[in-house]
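Going by our numbering, the sequence shown runs without a break in its numbering and finishes at 878.
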Amino acid sequence: AFSRARRRVVCFISMPKDNFPKGLIREYLNHVAIVQGSSYSRLGNPSERERCQSDFERDVFDELVKKGLEVYAQVPCAGFFIDFVLDKEGRRMAVECDGEFHYEEGELREEDYQRQDIIERYGWFVHRISSRRFYNNPQKTIEEVIENLQMQPKDEEIEVGPMEHLNHFETPRELTESIEESKPPFDEKAFSEKSIQEKIMEILSEEPLPVWAIAQKLGITKEESFSELTKLLEREWLIEIYEDGVKKWKAID
626 AFSRARRRVV CFISMPKDNF PKGLIREYLN HVAIVQGSSY SRLGNPSERE
676 RCQSDFERDV FDELVKKGLE VYAQVPCAGF FIDFVLDKEG RRMAVECDGE
726 FHYEEGELRE EDYQRQDIIE RYGWFVHRIS SRRFYNNPQK TIEEVIENLQ
776 MQPKDEEIEV GPMEHLNHFE TPRELTESIE ESKPPFDEKA FSEKSIQEKI
826 MEILSEEPLP VWAIAQKLGI TKEESFSELT KLLEREWLIE IYEDGVKKWK
876 AID
């Protein structure tokens, strides 16, 4: 809970923070007290444009501001810094700006895929903007950003799911176990005996993935994974799709 909040943290404690034993919880509460007593805001520095790290980011920043969006630059998240966080009418979205150095042989670098995956695990929707596409058609690029932002839930729309459906004698753990029992068990031995192409088809039948993630699941290099994917694509067993500017591979149903 300490690391997952995106918008606001409210702490309820049963005694003064100094009464907690020394350790991570007390250090965290001390941090909360410092932030609460300061004028600093994670999303509110008036000199946001000065945080931009390239002319490309500054150009994107200016276009977003023209559209009436609140734009915050270099927002910390999970050990990284999100290029921009947009805010309008309680809707928020992360934006990553990809200059030419972010691409290798026409594809986004593996580390950028991994970075996005981590940021998304923290609850952010990530929209990517490539410099080539932006300068080719700035208006259309910004319109796509706004469209995605409008699809994000407002603050008041984000709720924790109700738990009333649970039986008084059925704990959440028991419910989870009953769901897991209904799934067929994963046969690790049978999977290991399959060919690489068979493994790829099984993995991609569950969800589309980028090359680096497929290679990671198979324990092979990105180049080996790409070679096998190309063969399957030629046989029309796979298709390429793009999700938020990220190239992924998907098994054909």
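Glycine included, every Cβ here is placed at the ideal spot set by N, Cα and C.
Element boundaries [alpha helix (DSSP H), containing residue i]
| i | result |
| --- | --- |
| F851 | 847 to 859 |
| L834 | L834 -> no alpha helix (DSSP H), and no H or E assigned at all. |
| D643 | That residue, D643, is in no alpha helix (DSSP H); it is neither H nor E in DSSP. |
| F681 | 680 to 691 |
Cβ-Cβ distance between residue i and residue j below 8 Å
| i | j | result |
| --- | --- | --- |
| K692 | I767 | yes |
| C722 | I754 | yes |
| F681 | F709 | no |
| L858 | E865 | yes |
| L654 | C636 | yes |
| R717 | Q777 | yes |
| L711 | E736 | no |
Pick from the options that is closest to residue i, judged by C-alpha positions
| i | options | result |
| --- | --- | --- |
| E673 | R633, Q699, L774 | Q699 |
| L689 | T855, S817, V720 | V720 |
| V836 | I771, V660, R734, E772 | R734 |
| V751 | R757, I743, R758 | I743 |
| W862 | I828, D643, L694 | I828 |
| S850 | I638, A838, E859 | A838 |
| S852 | R683, I825, I866, N762 | I825 |
| I821 | A840, R716, P833, E831 | A840 |
| G715 | Q775, E769, E736 | Q775 |
| Y747 | C702, T846, W874 | C702 |
| I659 | D737, I877, K642, K647 | K642 |
| F706 | R740, H656, L857 | R740 |
| L843 | R860, E823, T855 | E823 |
| R684 | R717, H656, G724 | At residue 684 the sequence reads Asp, which differs from the Arg that was named. Of the listed residues, the one whose Cα sits closest to D684 is G724. |
| A876 | M640, K819, E831, R633 | E831 |
| T855 | W874, R633, P778 | W874 |
| S679 | K647, E736, R651, S756 | S756 |
Simplified DSSP assignment, three categories, for residue i
| i | result |
| --- | --- |
| I804 | Residue placement at I804 is flagged as unreliable, the pLDDT there being 45, under the threshold of 50; the coordinate-derived value follows with that caveat. Helix. |
| F816 | helix |
| I650 | helix |
| V696 | strand |
| K779 | coil |
| K872 | strand |
| I638 | coil |
| I877 | coil |
| N762 | coil |
| R633 | coil |
| M788 | Summary for M788: the model assigns pLDDT 41, below 50, so the residue's position carries little reliability, and this model does not support an answer. |
| F794 | Only weak support is given to the placement of F794: the predicted model assigns it a pLDDT of 42, under 50, and the value that follows is read from those uncertain coordinates. DSSP places F794 in coil when its eight states are reduced to three. |
Endpoints, the beta strand (DSSP E) within which residue i is located
| i | result |
| --- | --- |
| E868 | 863 to 868 |
Going along the chain, which unbroken runs of the beta strand (DSSP E) with 3 or more residues stay wholly within the region 700 to 758? Annotation note: the region 700 to 758 contains the following uninterrupted beta strand (DSSP E) runs of length 3 or greater, listed N- to C-terminal: 705 to 713, 716 to 723, 751 to 755.
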